[in-house]
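To keep things clear, I will list the structure first and then write my remarks on it.
Take a look at the structure:
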């Protein structure tokens, strides 16, 4: 299955994007248009930016895994 075909299933989901130059990014995959993906990324404070990456730049795109369920421990009262 092509990378582009896989990515369509993750629109609206958090993804990690591995680029061919060895860098990467993460954010929510917003759309796919004209041979590029559009990802909204957190910058700082209250600022977000939508960035685009051409499929030729991308090594892989992976959806975020589900969060593990927390382990609950029984504790004894301290008094």
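Residue numbers (the numbering used here): 599 to 677. Backbone N, C-alpha and C define an ideal beta-carbon position, used for all residues, glycine too.
For this session: State whether the stretch 615-625 contacts the stretch 636-651, with contact taken as three or more CB pairs (one from each stretch) at a distance under 8 Å.
Result: Touching, yes.
Problem set entry | Euclidean distance between Cα positions of residue 673 and residue 655 | Translated into positions along the chain shown, residue 673 becomes position 75. Translated into positions along the chain shown, residue 655 becomes position 57. Residue 673 and residue 655: Cα-Cα distance of roughly 51 Å.
Exercise. From residue 614 to residue 669, what distance separates their C-alpha atoms?
Worked result: Against the chain shown, residue 614 aligns to sequence position 16. Against the chain shown, residue 669 aligns to sequence position 71. Their Cα atoms are separated by approximately 26 Å.
Exercise. Which of the three DSSP states, helix, strand or coil, is assigned to residue 643?
Worked result: One-based indexing of the chain shown puts residue 643 at position 45. Residue 643 falls in the coil class under three-state DSSP.
Exercise. Quick one, which of 644, 629, 603 and 664 has its alpha-carbon nearest residue 610's?
Worked result: As a working note, residue 610 is residue 12 in the chain shown. Looking at the Cα atoms, 629 is the closest of the given residues.
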